[in-house]
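Quick notes on the structure that follows.
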Amino acid sequence: MDSKLQVLYSAQQIEQRVTELGKQIDADYKDEPLVVVGVLKGSFLFMADLVRAIKKDVRCDFLRVSSYENDKSSGVVRMDFDLTQSIEGDNLLLIEDIVDTGRTLAFLKEHLHGKKPKSLKVCSLLYKDIGIDNRHLADYVGFEIPNHFVVGYGLDSEGLYRSLPYIGYFPR
Ligand code: 5GP
10 MDSKLQVLYS AQQIEQRVTE LGKQIDADYK DEPLVVVGVL KGSFLFMADL VRAIKKDVRC
70 DFLRVSSYEN DKSSGVVRMD FDLTQSIEGD NLLLIEDIVD TGRTLAFLKE HLHGKKPKSL
130 KVCSLLYKDI GIDNRHLADY VGFEIPNHFV VGYGLDSEGL YRSLPYIGYF PR
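Take a look at the structure:
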């Protein structure tokens with residue numbers, strides 16, 4: 010582990026919270042069919058754990074967007090690749106790694122609403138409080154965090170740290 014990297018949430022804390030989220034999602038959707046869509050790349054570990062914490066069977070799909078270049082938001086969200094199956098009439102649960110400015114989620118919600126799902130909810134592993142009132146963008150949030158740049162458990166810094174089992178940050 011990088012000596013400057015501080016643990017924000019341990020693997021055990023993440024596992025416990027993901028289990029809770031899975032139970033809540035099962036309780037909310039009951040017998041309704043569900044399509045879980047992961048936003049690559051950052052959500053891949055969270056999605057893998059979350060779909061196993063959700064006890065009902067779900068369909069899985071992925072899309073990929075990019076907006077960050079060298080850890081700095083470029084401000085422009087770009088669709089790198091889209092869903093491969095129709096979601097018209099489906100209950101959609103979008104899985105994000107983190108809500109920061111909310112630009113990515115706002116873009117994705119508008120884009121996905123255009124595909125006419127029956128419902129669209131968002132589950133984000135993290136919500137970063139940067140003083141903007143955009144908490145409403147996510148229906149389920151794993152952890153609300155202060156304004157740190159975080160890595161691990163899927164989140165990267167210039168392509169590295171994604172495979173860490175915990176979420177960490179570099180103190181300023
Ligand atoms: P937003 O559009 O909400 O500003 O940013 C969303 C995307 O930016 C996230 O999906 C993630 O890829 C990236 N991002 C935002 N904050 C962080 C952070 O603290 N750490 C990492 N690794 N990525 C972040």
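Following the numbering used here, the numbering of the sequence shown begins with 10 at its first residue and continues without gaps.
Positions of the beta carbon are idealized from the N, C-alpha and C atoms, including for glycine.
The structure presented is a predicted model; accordingly, all values stated were derived computationally and were not measured.
Counted within 10 angstroms of its Cβ, other Cβ atoms place residue i as buried (16 or more) or exposed
{"i": "residue 113", "result": "buried"}
{"i": "residue 95", "result": "exposed"}
{"i": "residue 160", "result": "buried"}
{"i": "residue 90", "result": "exposed"}
{"i": "residue 17", "result": "buried"}
{"i": "residue 74", "result": "buried"}
{"i": "residue 98", "result": "exposed"}
{"i": "residue 140", "result": "exposed"}
Inter-residue spacing [alpha-carbon to alpha-carbon] between residue i and residue j
{"i": "residue 130", "j": "residue 136", "result": "15 angstroms"}
{"i": "residue 61", "j": "residue 28", "result": "9 angstroms"}
{"i": "residue 138", "j": "residue 122", "result": "26 angstroms"}
{"i": "residue 124", "j": "residue 13", "result": "44 angstroms"}
{"i": "residue 22", "j": "residue 55", "result": "13 angstroms"}
{"i": "residue 110", "j": "residue 40", "result": "34 angstroms"}
{"i": "residue 158", "j": "residue 165", "result": "10 angstroms"}
{"i": "residue 24", "j": "residue 57", "result": "12 angstroms"}
{"i": "residue 70", "j": "residue 33", "result": "21 angstroms"}
{"i": "residue 50", "j": "residue 36", "result": "28 angstroms"}
{"i": "residue 117", "j": "residue 154", "result": "22 angstroms"}
{"i": "residue 168", "j": "residue 53", "result": "14 angstroms"}
Cβ pair residue i, residue j closer than 8 angstroms
{"i": "residue 177", "j": "residue 106", "result": "no"}
{"i": "residue 76", "j": "residue 68", "result": "no"}
{"i": "residue 101", "j": "residue 46", "result": "yes"}
{"i": "residue 19", "j": "residue 149", "result": "no"}
{"i": "residue 156", "j": "residue 108", "result": "no"}
{"i": "residue 64", "j": "residue 38", "result": "no"}
{"i": "residue 146", "j": "residue 115", "result": "yes"}
{"i": "residue 43", "j": "residue 151", "result": "no"}
{"i": "residue 72", "j": "residue 104", "result": "no"}
{"i": "residue 15", "j": "residue 180", "result": "yes"}
Below-8 angstroms beta-carbon distance, residue i vs any chain D residue
{"i": "residue 127", "result": "The chain labelled as chain D is not found in the depicted structure, where only one protein chain is given."}
Residue range of the alpha helix (DSSP H) that includes residue i
{"i": "residue 101", "result": "Unbroken run through residue 101 is the beta strand (DSSP E), 100-108; no alpha helix (DSSP H)."}
{"i": "residue 152", "result": "Premise fails: residue 152 lies in the beta strand (DSSP E), 149-154, not in any alpha helix (DSSP H)."}
{"i": "residue 55", "result": "53-62"}
Continuous beta strand (DSSP E) stretch holding residue i: start and end
{"i": "residue 48", "result": "44-49"}
{"i": "residue 129", "result": "128-137"}
{"i": "residue 38", "result": "From DSSP, residue 38 is part of no beta strand (DSSP E) but of the alpha helix (DSSP H) over 20-38."}
{"i": "residue 140", "result": "Taken as a continuous stretch (DSSP letters only), residue 140 belongs to no beta strand (DSSP E), as it is neither H nor E."}
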